[in-house]
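One structure below.
Numbering (my numbering), first residue to last: 466 to 693.
Set out below in structure tokens:
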């Protein structure tokens, strides 16, 4: 019964219906607290926090994810700990606490590597790549994003790969490697379309249009902007 509830909430999250997911989960959170069911509670809190963080609401996400992480660590539940730590890193980053977010991505990387969880290693690399980009270390950023993209590709995780390819393209652009950046933006757009991620697809076409406008084919740039 609990697995079915969690699956339905995850489906609402993936369907980009976070308000519905939150409203549906709240009665179960209250019931899990009343029953002292920490297993169900930490899974619910992780999903609530992940949904908030994924849709840009870092402040309400943070306490839920911290509680989920603490419960998971106490129960030695590595799977939930990794998921909570990933989204906690995002929630903290959304609040512009860059140094703290960078440290959390480092913790995620270490825990995922110890657990042999390559997908969460890749998400940690995405976070580390972003922080290298913030520090104007485009070369390190490109390398970290490229490593993440290769892992996602091997695991056939299109959602993760399109994020990594987009970050890789931005780092290449900052390095002045414009043709490579254009190819990476195009790949990111194609992957985003396959993953049904219209916002990320729009961003990738827009970035590609900017490159083509100033450095390549202005007519093609118009087509990119129109698609975006």
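The beta carbon of each residue, even a glycine, is placed where N, CA and C say it ideally should be.
The shortest C-alpha to C-alpha distance from residue 669 to any of 590, 660 and 689 is the one to 689.
For residue 540, the closest C-alpha among the options 565, 505, 525 and 625 is that of 505. For the pair residue 629 and residue 610, the CB atoms are nearer than the 8 Å cut-off. About 24 Å separates the beta carbons of residue 659 and residue 687, which is beyond the 8 Å limit, so they are not a contact pair.
Per the coordinates, the alpha-carbon of residue 557 lies some 6 Å from the alpha-carbon of residue 523.
In the structure shown, residue 554 adopts helical secondary structure according to DSSP, grouped into three states.
According to the DSSP assignment, residue 516 belongs to the alpha helix (DSSP H) that extends over 503-519. In this structure residue 554 is not in contact with residue 576, their Cβ atoms being roughly 11 Å apart against a cut-off of 8 Å. Here the alpha carbon of residue 603 sits roughly 33 Å from the alpha carbon of residue 528. The shortest CA-to-CA distance from residue 656 to any of 617, 639 and 642 is the one to 617.
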